[in-house]
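The structure appears below as structure tokens.
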């Protein structure tokens, strides 16, 4: 099984505060921010891929 560092990095935005974050996309589609745990610093855990 690959380590978390092997998953692609993406630019995402928090769905609540719209802050940009770098995240990894896991195989199940979950976006996991890098360096801030599972949530944005504002506490939200929902993200959208920046387009």
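Residue numbers (the working numbering): 990 to 1040. Idealized CB from N, CA, C, for every residue including glycine. Just so it is clear, the structure is predicted and the values come from calculations on it, not from any experiment.
Here the alpha carbons of residue 1000 and residue 1028 stand approximately 14 Å from one another. Per DSSP, residue 1040 is not a residue of any beta strand (DSSP E), being assigned neither H nor E. The segment 993-1035 is shown to contain whole beta strand (DSSP E) runs of 3 or more residues at 998-1003, 1009-1014 and 1020-1022, in chain order.
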